[in-house]
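The structure under discussion appears below in the form of structure tokens.
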Amino acid sequence: MSDGQLRAAAAAAAGLGLAIAIYLTYVHYAGIEPICATSGGCERVQTSSYAKVAGVPVAVMGLIGYTAILTATLLPGEWPRLAASWLALVGFGFSLYLTYLELFEIDAICQWCVASAVLMSVLAVLTTIRAIRSESYTGNRAA
Amino acid sequence: MASRAEEKRRLRAEREEREAAAAAADRRRRRLILLIASAVAAVAVVGVLIAVSQGGGDDESGLGGGESIIGVKDVAQRFRGIPQEGARLGDPDAPATMLEFVDMQCPFCAEYTRDALPTVIDRYVRTGKINIELRPISIIGPDSSTAAAGAAAAAERNRMWQFVDLFYLNQGQENGGYVTDDFLRQIARGSGVPAATVISASQSPDSIPLLRQSAAEAQRDGINSTPSFLLRKDGELQGIAVSSFEPGEVTAALDEALAK
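The structure is reproduced here in structure tokens:
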């Protein structure tokens, strides 16, 4: 897979994640129930006491996170690559924790959250590959 | 002359290659360190996020990190997969309903829930033989109403059984003043109920329909101690004579009532 393809795939995953986060943020502030495949699962997750971290809704954190990853993926240069990978790793770790909460603490599952967790895992892999590879690429070009 | 110049060029080329290789190795090493540091920092940030999330998920939370409740996982496990609606646990179409009158401050209610309820759930509720409805009433003191109001708020979210069970596991002395907002908040969080709704309900227990209904039924059926159990079958109510909270004794009493 070329770097261009990796970048396009990462941008697409971040874009999808951003769309989900925008929807969940809207649902959160509009006070309506998200469209949900599991009966009441999404509402239960979104209204659970874990739906906010220090007063910030998790949906808003997702919004900020995906925007930052998308921006870093689209920007040229070394540092944005590293930043994208770092942000995606943080997002991946936090998604793992949130999925654990859904399964074992809140005892309800929400397909939007699962979709976001899958996208974040994909992003962590793609952006980390880009961050690791970039040195050899610039090295090749220099040679 | 030509060969000397060539030799010079060759040596210079070799030197440059060595320097380039060394520089590349240096860049690789720095990059690896950067990536490892970045991964470590990512783990640290996630750890902080988790700590913050555990310490106070709600706007109004004033909890410190030190306080904690026990039994969250056990309770989640106990009720996993059992339908719940309002105060009812179990199949809505079950042929009989056990009414359980409780005062949440009462240590015997906690003892029954700890010792016998798991057996009742496994043998009668999960198998669809009965469902159980909770009737929280207030006998011991004002904190009983506060706790019952919290349970009623949890019932609105169909999490009443987790809330009450977790409350019992962390129960304090009767009228000991432990039913504070912080305590309720922790029980709410542990049972997956928005803490704000529990706190708000606990401030006005008298206006809650489930509590008024429970009090009215208790009065009508002469319930004056907790826990007390009634069985509703084919539209008729009868008492269940539970003499101890040994699971065998409870199931025997329940079988006897069901057979009538």
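Chains as they are written, first to last, in this note's numbering: chain A, 220 to 362; chain B, 1478 to 1737.
We put the beta carbon where it would ideally sit given N, CA and C, even for glycine.
- In this structure, the straight-line span from the alpha carbon of residue 1555 of chain B to that of residue 1639 of chain B is close to 8 Å.
- The C-beta distance from residue 1610 of chain B to residue 1574 of chain B rounds to 6 Å, short enough to meet the 8 Å contact threshold.
- Contact check for residue 277 of chain A and residue 271 of chain A: beta-carbon distance about 7 Å, within the 8 Å limit, so the pair qualifies.
- Counting of Cβ neighbours within 10 angstroms places residue 1652 of chain B among the exposed residues, the total staying below 16.
- Of the candidates B:1570, B:1637, B:1683, B:1719, B:1683 places its Cα closest to the Cα of residue 1615 of chain B.
- Per the DSSP secondary-structure output, residue 1608 of chain B pairs in a beta bridge with B:1574.
- Residues of the stretch 1501 to 1516 of chain B whose Cβ lies closer than 7 Å to any Cβ of chain A, in chain order: 1501, 1504, 1505, 1508, 1511, 1512, 1515, 1516.
- The beta carbon of residue 1526 of chain B sits closer than 8 Å to some beta carbon of chain A.
- Per DSSP, residue 1591 of chain B is one residue of the alpha helix (DSSP H) stretching across 1584 to 1592.
- For residue 237 of chain A against residue 289 of chain A, the beta-carbon gap comes to about 6 Å, under 8 Å, which counts as contact.
- Neighbours of residue 296 of chain A across chain B, judged by C-beta separation under 8 Å, do not exist; the nearest C-beta is about 14 Å away.
- Under DSSP, residue 1716 of chain B takes part in a beta bridge, and its partners are B:1707.
- The alpha carbon of residue 1504 of chain B has as its nearest neighbour, out of A:297, A:315, A:305, A:332, the alpha carbon of A:297.
- Looking at the DSSP output, residue 1562 of chain B shares a beta bridge with B:1565.
- The CB of residue 1518 of chain B comes closer than 8 Å to the CB of 305 in chain A, given here in chain order.
- Counting along the chain, residue 1555 of chain B sits inside the alpha helix (DSSP H) bounded by residues 1549 to 1556.
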